[in-house]
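This report concerns only the one structure given below.
Number of protein chains: 2
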Amino acid sequence: MISGKGQAKFCGPTIGGRALAQRNVLQYVILGLLSQHERTGYELSAAFTNEIGEFWQAQHSQIYPQLGKLEDQGFIQHEKALAGKKLEKKVYRLTDSGRTYLNDWVGDATTALPVTKDEFALKLFFIKDASDPRLPGMLQEQIDLHQEWLAHLTVRMGDLFTNATQRAANFGHYLVLSRAVERETDYLRWLQETAAGLSRKDHQ
Amino acid sequence: MISGKGQAKFCGPTIGGRALAQRNVLQYVILGLLSQHERTGYELSAAFTNEIGEFWQAQHSQIYPQLGKLEDQGFIQHEKALAGKKLEKKVYRLTDSGRTYLNDWVGDATTALPVTKDEFALKLFFIKDASDPRLPGMLQEQIDLHQEWLAHLTVRMGDLFTNATQRAANFGHYLVLSRAVERETDYLRWLQETAAGLSRKDHQ
DNA sequence: TCAGGCATGTAATCAGTTACATGATTAA
DNA sequence: TTAATCATGTAACTGATTACATGCCTGA
Numbered sequence: 001m002i003s004g005k006g007q008a009k010f011c012g013p014t015i016g017g018r019a020l021a022q023r024n025v026l027q028y029v030i031l032g033l034l035s036q037h038e039r040t041g042y043e044l045s046a047a048f049t050n051e052i053g054e055f056w057q058a059q060h061s062q063i064y065p066q067l068g069k070l071e072d073q074g075f076i077q078h079e080k081a082l083a084g085k086k087l088e089k090k091v092y093r094l095t096d097s098g099r100t101y102l103n104d105w106v107g108d109a110t111t112a113l114p115v116t117k118d119e120f121a122l123k124l125f126f127i128k129d130a131s132d133p134r135l136p137g138m139l140q141e142q143i144d145l146h147q148e149w150l151a152h153l154t155v156r157m158g159d160l161f162t163n164a165t166q167r168a169a170n171f172g173h174y175l176v177l178s179r180a181v182e183r184e185t186d187y188l189r190w191l192q193e194t195a196a197g198l199s200r201k202d203h204q
Numbered sequence: 001m002i003s004g005k006g007q008a009k010f011c012g013p014t015i016g017g018r019a020l021a022q023r024n025v026l027q028y029v030i031l032g033l034l035s036q037h038e039r040t041g042y043e044l045s046a047a048f049t050n051e052i053g054e055f056w057q058a059q060h061s062q063i064y065p066q067l068g069k070l071e072d073q074g075f076i077q078h079e080k081a082l083a084g085k086k087l088e089k090k091v092y093r094l095t096d097s098g099r100t101y102l103n104d105w106v107g108d109a110t111t112a113l114p115v116t117k118d119e120f121a122l123k124l125f126f127i128k129d130a131s132d133p134r135l136p137g138m139l140q141e142q143i144d145l146h147q148e149w150l151a152h153l154t155v156r157m158g159d160l161f162t163n164a165t166q167r168a169a170n171f172g173h174y175l176v177l178s179r180a181v182e183r184e185t186d187y188l189r190w191l192q193e194t195a196a197g198l199s200r201k202d203h204q
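The listed protein sequences derive, respectively, from chains G and H.
Residue numbering for the first sequence follows the UniProt record's numbering, starting at 1 and increasing by one per position.
Residue numbering for the second sequence follows the UniProt record's numbering, starting at 1 and increasing by one per position.
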């Protein structure tokens with residue numbers, strides 16, 4: 001274990017001595033999404049599903065109140081727009097102070113490892129024996145799941161970044177999406193190798 | 001009560017149409033850890049830091065109340081033991097019904113992708129330009145962080161699984177730990193390649 | 001006309017973190 | 001003797017999910 005000799009100032013959660021928690025990251029995610037272009041709360045909510053669900057999640061019930069707080073703080077502003085003849089929507093955009101606040105966060109050191117809650121890894125962890133009859137089915141289930149997810153990511157990659165101009169215009173987005181594709185590809189390879197390894201043991 | 005349409009189905013969070021959330025996984029983690037051998041609450045707490053922090057986290061303030069609930073449900077039992085002459089500790093072990101409850105969960109389909117909250121990926125996502133002066137430093141910071149983490153995992157691997165007998169005795173643990181080492185190795189390779197790619201662009 | 005999506009919010013609950021609180025044991 | 005660790009708990013708060021609630025718009 002990597003020990004931090006701590007003088008009990010900040011005693012947050014750790015894994016292997018590494019810091020984990022972050023406070024109110026949601027506000028920065030919203031500011032970041034608005035830094036790309038103006039959006040409604042509904043569009044922000046959709047972005048959490050489609051664009052950044054890979055590494056952050058939030059529901060609309062969390063987003064709308066946060067929008068109010070950010071506006072109170074002067075980091076964003078909204079103007080009303082009409083969808084059709086009656087349905088009002090609030091289109092939010094970043095203010096200058098909001099952009100500064102966002103950039104301060106991006107520039108700050110990120111000393112926390114990503115937080116992962118992986119239920120499959122957990123189940124695997126508790127299986128003692130390579131001959132456990134549940135293992136092949138569990139692995140196949142994950143192969144199917146992650147194949148589907150990889151297909152989704154690949155489609156997004158093709159939609160967004162087919163040429164160098166697109167990659168240059170949103171370099172960070174391109175980096176994280178291409179990394180996600182790589183990561184899922186590598187994970188699928190491991191799942192398949194592990195499943196194959198079990199089969200070989202069965203036939204010994 | 002005023003009738004709303006669309007009553008109560010279950011509309012949880014998704015990424016790309018995939019289900020995410022799980023309810024009270026903590027209880028199963030505790031049961032799983034106790035299925036390995038009996039432990040105190042303190043030892044369970046330590047296990048979240050040292051053994052399974054890679055894919056699940058919990059503090060002692062969450063663990064102690066959950067132990068009470070699991071005991072109320074009859075899934076675990078404790079007996080008191082003395083550490084020294086006065087200090088009492090509660091050593092918990094799994095009951096038969098607890099083991100059944102745990103195994104039901106392990107056998108259940110895992111249709112949810114792992115939940116990840118990755119602040120670094122988020123920051124990267126919001127960087128538009130490959131020439132952003134913050135990028136090299138950010139990448140180097142992550143390289144240092146994940147190198148340290150990989151070293152920690154490698155030490156654990158060496159401590160726990162040096163021979164085939166150890167790997168066979170806790171096969172699932174071996175699988176997830178060896179996978180974690182692979183994943184971190186692959187991630188570090190990507191970080192370094194990406195950082196190197198930036199340098200080349202700088203010198204063009 | 002009707003289903004699915006667009007659009008915005010709040011309420012209730014659950015999960016998770018941080019801090020408070022106390023005291024014993026061990027080894028330097 | 002004193003710092004680190006063992007040991008157990010609760011309180012206060014923040015974060016996140018699920019459900020409740022309402023109403024408009026578009027296209028089949």
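In this text, a Cβ means the ideal position worked out from N, Cα and C, and glycines have one as well.
To test your reading of the DSSP string, which unbroken alpha helix (DSSP H) runs of 4 or more residues are found completely within the UniProt domain "Transcription regulator PadR N-terminal" (30 to 103) of chain H? 41 to 50 and 60 to 72
Enclosing alpha helix (DSSP H) for Lys117/G [first to last residue]: Taking the first residue of the first sequence as 1, we reach residue 117/G at position 117. That residue, Lys117/G, is in no alpha helix (DSSP H); its beta strand (DSSP E) goes Val115 to Lys117.
Pull up the distance between the alpha-carbon of residue 211/H and that of Arg39/H, whole angstroms please. The structure shown does not extend to residue 211/H, since chain H is modelled only from 1 through 204, so no value can be given for it.
Given this structure, state the Cα-to-Cα distance separating Met138/G from Tyr42/H, to the nearest angstrom. Walking along the first sequence from the start, residue 138/G turns up at place 138. Walking along the second sequence from the start, residue 42/H turns up at place 42. Met138/G and Tyr42/H: Cα-Cα distance of roughly 31 Å.
Where does Ala164/G fall in DSSP's three states? Here residue 164/G refers to the residue found at position 164 of the first sequence. Helix at Ala164/G.
CB contact below 8 Å: residue 205/H versus chain G: Residue numbering for chain H in the displayed model covers 1 to 204; residue 205/H lies beyond these limits and cannot be assessed.
Please decide whether His173/H counts as near chain G, where near means a Cβ-Cβ distance under 8 Å. Within the second sequence, the letter at position 173 stands for residue 173/H. It does; some Cβ of chain G falls within 8 Å.
Any 3 or more C-beta pairs closer than 8 Å across the region 171 to 181 of chain H and the region 146 to 163 of chain H: yes
Cβ contact check for the region 184 to 193 of chain H and the region 141 to 148 of chain G: 3 or more pairs under 8 Å: no
Does the region 98 to 105 of chain G come within contact of the region 69 to 81 of chain H, defined as at least 3 CB pairs closer than 8 Å? no
Straight-line CA distance for Ala21/G to Phe75/H? Residue mapping note: residue 21/G aligns to position 21 of the first sequence, counting from 1. Residue mapping note: residue 75/H aligns to position 75 of the second sequence, counting from 1. Note that Ala21/G scores 48 on pLDDT, short of 50, meaning its location in the model is unreliable; the coordinates nonetheless yield the value given after this. Rounded to whole angstroms, Ala21/G to Phe75/H spans 31 Å at the Cα level.
For a cutoff of 8 Å on Cβ pairs, would you count Gln57/G as touching chain H? Residue 57/G sits at position 57 when you count from the first residue of the first sequence. Chain H, which has a Cβ nearer than 8 Å to the Cβ of Gln57/G, makes this yes.
Is Gly98/G buried or exposed, if buried means 16 or more other CB atoms sit within 10 Å of its CB? By 1-based counting over the first sequence, the position of residue 98/G is 98. Burial call: buried.
Closer than 8 Å, CB to CB, is Ile52/H near chain G or not? The residue you call residue 52/H lines up with position 52 of the second sequence. Yes, contact with chain G.
Could one say the Cβ of Pro65/H lies closer than 8 Å to chain G's Cβ atoms, at least one of them? Locating residue 65/H in the second sequence gives position 65, where the first residue counts as 1. No, because no Cβ of chain G sits closer than 8 Å to the Cβ of Pro65/H.
Would you verify that the beta carbon of Gly41/H is, or is not, closer than 8 Å to some beta carbon of chain G? One-based indexing of the second sequence puts residue 41/H at position 41. Gly41/H does not count as touching chain G.
Please state the DSSP three-state secondary structure of Phe126/G. Position 126 of the first sequence, counting from 1, holds the residue named residue 126/G. Coil.
Counting only the same chain and skipping the five closest in sequence on each side, list residues whose C-beta sits under 7 Å from that of Glu88/G. Taking the first residue of the first sequence as position 1, residue 88/G is located at position 88. Correct list, in chain order: Lys80 and Leu82.
Could you tell me which of Val25/G, Arg23/G and Gly32/G sits nearest to His173/G, measuring between CA atoms? Locating residue 173/G in the first sequence gives position 173, where the first residue counts as 1. When only C-alpha atoms are compared, the closest one is Gly32/G.
Classification of Asp118/G by the beta-carbon crowding that lies within 10 angstroms, buried from 16 upward: Reading the first sequence from its first residue, position 118 is the one you call residue 118/G. Classification of Asp118/G: buried, given that the 10 Å Cβ count is 16 or more.
Local conformation of Pro136/G per DSSP, three classes: By one-based count along the first sequence, residue 136/G stands at place 136. It is helical.
Report all residues from its chain with a CB closer than 7 Å to the CB of Gln66/H; omit the five preceding and five following residues, and keep chain order. In the second sequence, the residue the question calls residue 66/H occupies position 66. Here the set comprises Leu26, Gln27 and Ile30.
In whole angstroms, what separates the C-alpha of Glu54/G from that of Arg23/G? In the first sequence, the residue the question calls residue 54/G occupies position 54. In the first sequence, the residue the question calls residue 23/G occupies position 23. Between Glu54/G and Arg23/G, the C-alpha separation is close to 19 Å.
Could you tell me the alpha carbon to alpha carbon distance between Glu193/G and Val91/G, rounded to whole angstroms? Taking the first sequence and counting its residues from 1, one reaches residue 193/G at position 193. Taking the first sequence and counting its residues from 1, one reaches residue 91/G at position 91. C-alpha separation (whole angstroms): 49 Å.
CB of Thr116/G within 8 Å of CB of Pro133/H, strictly: In the first sequence, counting from the first residue as 1, residue 116/G sits at position 116. In the second sequence, counting from the first residue as 1, residue 133/H sits at position 133. No, these two residues do not count as a Cβ contact at 8 Å.
Three-way DSSP call (helix, strand, coil) for Ser131/H in this model: The sequence position of residue 131/H within the second sequence is 131, counting from 1. DSSP places Ser131/H in coil when its eight states are reduced to three.
Cα-Cα, which of Lys85/H, Phe126/H, Ser199/H and Leu160/H is closest to Pro136/H? Position 136 of the second sequence, counted from the first residue, corresponds to residue 136/H. Taking only the C-alpha atoms, the option nearest Pro136/H is Ser199/H.
Assigned exposure category for Thr165/H - 16 Cβ within 10 Å defines buried: Taking the second sequence and counting its residues from 1, the one referred to as residue 165/H is at position 165. Looking at its Cβ environment, which holds fewer than 16 other Cβ atoms inside 10 Å, Thr165/H is exposed.
Just to make sure I have the definition right: I need the residues of chain H whose C-beta is within less than 7 Å of the C-beta of residue 205/G. Which are they? The shown model of chain G, from 1 to 204, leaves out residue 205/G, and the question about it has no answer.
Tell me the rounded alpha-carbon separation between Gly158/H and Arg167/H. Position 158 of the second sequence, counted from the start, is the residue given in the question as residue 158/H. Position 167 of the second sequence, counted from the start, is the residue given in the question as residue 167/H. Those two C-alpha atoms are separated by around 11 Å.
Assuming contact is defined by CB atoms lying nearer than 8 Å, are Gln62/G and Glu71/G in contact in what I supplied? Along the first sequence, read from residue 1 onward, the residue named residue 62/G stands at position 62. Along the first sequence, read from residue 1 onward, the residue named residue 71/G stands at position 71. Contact flag unset, no.
From Trp56/G, Thr162/G, Thr110/G and Phe126/G, pick the residue whose C-alpha is nearest to that of residue 205/H; which is it? As displayed, chain H neither begins before 1 nor continues past 204, which places residue 205/H out of reach and without an answer.
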